[in-house]
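Chains as they are written, first to last, in the numbering used here: chain A, 2 to 830; chain B, 138 to 612.
Even for Gly, the Cβ is constructed at its ideal location relative to N, Cα and C.
Nothing here was measured: the structure is a model prediction, and the numbers come from that model.
Comments concern the structure below.
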Amino acid sequence: MTLTQDSGSDTRPVPEGHVRLTIDGIEVDAPKGEILIRTCERLGIIVPRFCDHPLLDPAGACRQCLVEVEMGGRPMPKPQASCTMTVADGMVVKTQHTSEVADKAQQGVMELLLINHPLDCPICDKGGECPLQNQAMSNGRADSRFIEHKRTFPKPLAISTQVLLDRERCVLCQRCTRFSEEIAGDPFIELLERGSNQQVGVAEDTPFQSYFSGNTIQICPVGALTSAAYRFRSRPFDLESTPSVCEHCSSGCAQRNDTRRGRVLRRLAGNDPEVNEEWNCDRGRFAFRYLTSKDRVLRPMVRGADGQLAEASWTEALRVAAEGLLAARDGDYPEDAEGRHAAPADAPKGVGVLAGGRLTTEDAYAYAKFARLAAGTNDVDFRVGAQSAEELEFLAKHVIGTSPETGGLTFTELESAPAALCVALDPEEESSVVFLRLRKAMRKHGLAVFHLGQWTTPSVAKTEGTLIPAVPGTEPEALAGLGSDVLDLLGQDGAAILVGGRASEVPGLFAAVSELAGRTGARVAWIPPRAGDRGALDAGAVPTLLPGGRSVTDAAARAVVATAWGVDELPAEPGRDTSGILAAAAAGELAGLVVGGLDPNDLPDPELALAGLRGARFVVSLELQASAVTELADVVLPVAPDINREGSYLNWEGRRRDFGITLREPGMLPDCRVLDTLAVEMDVDLFTQTPGVAGAELGRLGLVGAARPTGAVTAAARERERPADGQAVLATWRQLLDVASLAVDEPHLAGTARAPEARLNQATAARLGLVEGEPAVVATERGAISLPLRLADLPDGVVWLPANSPGSQVRVTLGAGHGDPVTVTAGGN
Amino acid sequence: MTDSTASTESTDTPRMLTPVLTRRWLSPRSWSIQTYEQLEGYQALRDVLTGGSGGGRDRNPRGTTGNTGRDGDGPVHPDRLIQLIKDSGLRGRGGAGFPTGMKWSFIPQGSTGAGAKPHYLVINADEGEPGTCKDIPLMMADPHSLIEGCIITSYAIRANFCAIYIRGEALHPIRRVQAAVREAYDAGYLGKNILGSGFDLDIVVHAGAGAYICGEETALLDSLEGRRGQPRLKPPFPATAGLYAAPTVVNNVETIASVPAIVTGGSDWFRAMGTEKSPGPKIYSLSGHVERPGQYEAPLGVTLRELLEMAGGMKDGIPLKFWTPGGSSTPLFTADHLDVPLDFEGAVAAGSMLGTTALMIFNETVSVPWAVMKWTEFYKHESCGKCTPCREGCYWLVQILERMVAGEGTESDIETMVDVCDNILGRSFCALGDGATSPITSAVKYFRQEFLDLCKVQPSVPRTEQLDDLVGAKA
């Protein structure tokens, strides 16, 4: 922006693609097509507004931003809405600061907005951070001439379980309805009635069931939309705000934690144009009650002789944990009370480390280092879903070390991509902010979205995408046989392939993606399910890679890390993956386990996970809340949730997302500190006392750089069970709002979840004698799930279930996953 | 309907009448295709599409010369039709008076860019302006003139789809136009390959749901698309992105029904009526306190004095007090304005607008504030709610006016009312809000004393019941 304030006009040429105009006597060059109100903003001239929002299409509804405009030396007869008018060469604009007409127009509109607005600011959630309140002070009259009757409505109106509407406060700016229609693609709310009876509302039988509904509360310029969770809990001026990063998925949305008296009362989307713009999903916004759930682990616990966990001091818990782990590592068990050796000479040896995916990069680094130095093993894995060597090879070749700085795919580049292919990823359910960006790119730039999946999900519909249907398990063949139209688009500059973390469930899929990327030149991004997944990968919490993507079998790379860690050598044998570690423990081949935030129900076979935990002689659990792991652990060490710790996540772009401590809580320590102290008890120094120290050391180690492996990814062996007669192939992935452990204790949020339904196509349903709306029973030898049937355009003989929803916990109940055969029968009797 | 549109031969018909659109209205079964065809109906269409076989200028009933859009055999080129309408000076009859030919010429043509999209013609038959009653009688009495106009216009702008958006409450006209469209299909005037010309056109008759705002062209388009009828942001204008974001002409019924006559009569004939800048005939709808209310088709520029003459004067001889030149959205006139020429320029010069030439005529028995209150109640009811000034302003104005009419107004209410109008006029999203202020500001301008007289009955000290209300405050 250039501007001159002197009286003489600027004689420099107008830059290419710009126009020169005058606002309040200041000459300014603005890019063609810019909306006047933005140009004013850049000059520091704030024109009051309600309906205007930079990320929504212009509406011109509230008329608060009227200014006087002169074009070609002739004043326009009426004041113009600066939120809808684009700049033009030679335009002369007078805002309220220099024009009496504009000032009176603004005051007039403000007076009109207030005639029907209740005077309940002292009890309104928005009072104190309210654009109407603020702008009424700055651009309104001191008193009103309105002495008539105000319009009233019954209130509040619950338009969903978590969004409450106060129609009296509403100024009908349409930000919420425009957000829902344009940004989220969920036009559940709409204007009803007309004139002064106009109001926002929902259809009788359809509540505001949008995954993004919380954003409407945040962008509401008055207190018309309030959240059931926060309503009447606090005043904005009593809140302390801390920037934070969302822990719920791998997008790493900027957020803001608002706390009062040591409790988080609400979370808002932060403004990060590079990542989440100004939006977030309802899970990120509302799912924070786990912080105060009754199941939180707040004190260390040690399993006593009675077999019960009992609270213990940190000193005692760490000592017991260290002794137990040392014994397990070395197979050197202490004599029991009667002087006998507790274990025979061939007792199992070794400790496996299951880090889990909820860790900050710094914490994951501590797990990686703990495994190598304290446990002396490469048996460390952060992965929770299906794991394969193919996945690790893919990650090593395509993912590790990528970041916006090193040319990795970013949200911004995705927005301008000509085409995007989603593989094993339902964006709205599994990475909802990626979905928002895909939808924006589709609306603004005509992005062509392809979804390799099973049915036309809301994601497919709302990105106006093309479904590439595949029977679960045959996705690699579908990629190999893509039509030339798709291949041409993917061959265009900037095209992207987004691979979901669950691609590991389909053997050969990562190899097929790698091959497709090589064939088309499309860029690849890996979008794992958890916030910590990407950081844990780069931090070396995997069995074959050391920090920075160094191969454990590469002696030179090992030496670099060993030197940095001040040890002579590191274990050279590649470790086992999560399932391998648990299987070994179950088989009595591994004695000890250190388990981070890991839910056995997320594993491919929850029963195997539990068998592993039971089979291990000694289990140390680092946990936020009581779980199936803590139930079986010998020592439970509490770790700090994000609000009590600092650190950083790497989001799927590889972008570092730093966050600080929101609430300081003595005794709440991050995993890296707990592991550091535990290691000290085991006579090993990790030097990860604080996230800062750990992060600095990881930073110094750096990336492998040019040594990164290339070439084709070897496809894993394919030995799929063919569905027998009367069986169907299971397709399954999770929904955004489900029974995840971090979403506990928030019934308002759970109330907006999509109803769990089984999906089949018409022909299959007819063949099996199933009726839409009636229960369908999906079963394996292990168990059965009964859900109402919904017809969808799945391939023949494929049934879809939500992976982890109420009444449909596929892994736990069926012991089966995506691509496995199941039987489907009519439910009821 | 007491109209005076009998044949021109009738001796008692004043010389000012120029029945063009209304000339068939008194024929037996004037709405049927048989009557229409007998009375030169669809001849203009034949001339346009087939080159006026056996006709041409010689068949011109009026022997008029000048541009008739034809220059010989073969179909008339669409561009020549657009030029014809431009030459005729036809201006939109929906109220704003935009030159029709110019509007048509804004439609991008060609096989690339916006021109490559389908083009649409949309007829605004959402007649809802208070006092306005011209399109509905036209559709009742002579629906085929509208349909013929639609076909010629669609041909001119290269549209193959035309929608006629009729106000939902007007059930009879909807049925009549639907029946006429069926007749036209059966007769081969609609559908594929019309009259062997290779030109295709489908017409859909769409019933609105009874919202005044849907008379605003962009709100009408949204409503036609199945959305909530509220005005759209302009630009883009309908000519480039109208119905389904495709180039669209939106014209009033009376405008399009004028087209066949212009094609037949030529531009010079059309210009022979009316004034230089407002040529042609116009249907004036007289209602209220006149002896013979109804539709009077006269050249633009006629005065109320002349129209009253034709309509038999004021009812029962009670003198005129005030009137609207073009519906309630146009500032009202008084007896001083009897000689204002009622064309687009004359009405504006006298401080009002021509609007829809809906002349609501009120005699001295009518209270101005009461009439203004009733109109304002209409605007409050019909404000779409999209923008603040109109939505909230009308809500406020009604309450002030109702209070004043109930004798509880104060002098400052008048100032407040005028100032609220000032905050609505030119601040609203569309012209609805502007229109809502017209009756109030013009009424205060000409009849301020009547408002003051209402205030007189309001005591200058608080009334006893108000004092009762304040007892708690004093205690």
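Per DSSP, reduced to three states, the secondary structure at residue 539 of chain B is helical. When C-beta distances to chain B are compared with 9 Å, the residues of the region 55-69 of chain A below that value are 58, 59, 60, 61, 62, 63, 64, 65 and 67, in chain order. By the criterion of at least three beta-carbon pairs nearer than 8 Å, the region 141-156 of chain A is not in contact with the region 232-249 of chain A.
Contact between the region 355-365 of chain B and the region 375-392 of chain B is present, with at least three C-beta pairs closer than 8 Å. Per the C-alpha coordinates, the member of B/522, B/551 and B/575 positioned closest to residue 369 of chain B is B/522. Ranked by Cα distance from residue 797 of chain A, the options A/757, A/729, A/789 and A/773 are led by A/729. Residue-level contact by beta carbon holds for residue 150 of chain A and chain B, with a gap shorter than 8 Å.
The three-state reading of DSSP puts residue 57 of chain A in coil, since its state is none of H, G, I, E or B.
Per DSSP, the beta bridge partners of residue 451 of chain A are A/422 and A/467. Among the CB atoms of chain B, one or more fall inside 8 Å of the CB of residue 114 of chain A.
Rounded to the nearest angstrom, the Cβ distance from residue 616 of chain A to residue 641 of chain A is 30 Å, too far for a contact under 8 Å. Cα atoms of residue 509 of chain A and residue 498 of chain A: separation of roughly 16 Å, rounded to the nearest angstrom.
Within chain A, the residues 64, 67, 79, 80, 106, 109 and 110 have their CB atoms less than 8 Å from the CB of residue 564 of chain B, given in chain order.
If only uninterrupted beta strand (DSSP E) runs of at least 3 residues are considered, those enclosed by the region 678-761 of chain A are 728-734 and 759-761. Approximately 6 Å separates the beta-carbon atoms of residue 383 of chain A and residue 357 of chain A; this is inside 8 Å, confirming the contact. In the three-state DSSP reduction, residue 353 of chain A falls in the strand class (E or B). Taken atom to atom, the span from the alpha-carbon of residue 490 of chain A to that of residue 481 of chain A is near 15 Å.
Going by DSSP, residue 226 of chain A is part of no alpha helix (DSSP H) but of the beta strand (DSSP E) stretching over 226-228.
With respect to the 8 Å criterion, residue 513 of chain B and residue 542 of chain B are not classified as neighbours on the basis of their beta carbons. Per the coordinates, the alpha-carbon of residue 264 of chain B lies some 21 Å from the alpha-carbon of residue 509 of chain B. Rounded to the nearest angstrom, the gap between the Cα atoms of residue 618 of chain A and residue 592 of chain A is 5 Å. Among the bridge pairs identified by DSSP, residue 267 of chain A is matched with A/259.
Residue 481 of chain B carries a helical assignment under DSSP once its states are collapsed to helix, strand and coil.
For the pair of segments examined, the region 378-393 of chain A was found not to touch the region 465-472 of chain A: the number of CB pairs separated by less than 8 Å stays below three. B/381 is the residue among B/569, B/304 and B/381 whose C-alpha sits nearest the C-alpha of residue 363 of chain B. Nearest to residue 436 of chain A by C-alpha distance, out of A/141, A/532 and A/423, is A/423. Interface criterion not met: the Cβ of residue 517 of chain A is under 8 Å from no Cβ in chain B. A direct Cα-to-Cα measurement between residue 99 of chain A and residue 588 of chain B gives close to 36 Å. About 6 Å separates the beta carbon of residue 103 of chain A from that of residue 80 of chain A, a gap short enough to meet the 8 Å contact definition. Separation of the CB atoms of residue 423 of chain B and residue 461 of chain B is rounded to 11 Å, and the pair is thereby denied contact status at 8 Å. A direct Cα-Cα distance of roughly 23 Å separates residue 170 of chain A from residue 55 of chain A.
Residue 536 of chain B reaches chain A at 149 and 150, counting residues in chain order whose Cβ is nearer than 8 Å. About 4 Å separates the beta carbon of residue 211 of chain B from that of residue 188 of chain B, a gap short enough to meet the 8 Å contact definition. In this structure, residue 812 of chain A places its C-beta atom within 8 Å of the C-beta atom of residue 607 of chain A. In terms of Cβ geometry, residue 576 of chain A and residue 316 of chain A do not form a close pair [threshold 8 Å]. Secondary structure of residue 95 of chain A (DSSP, three-state): strand.
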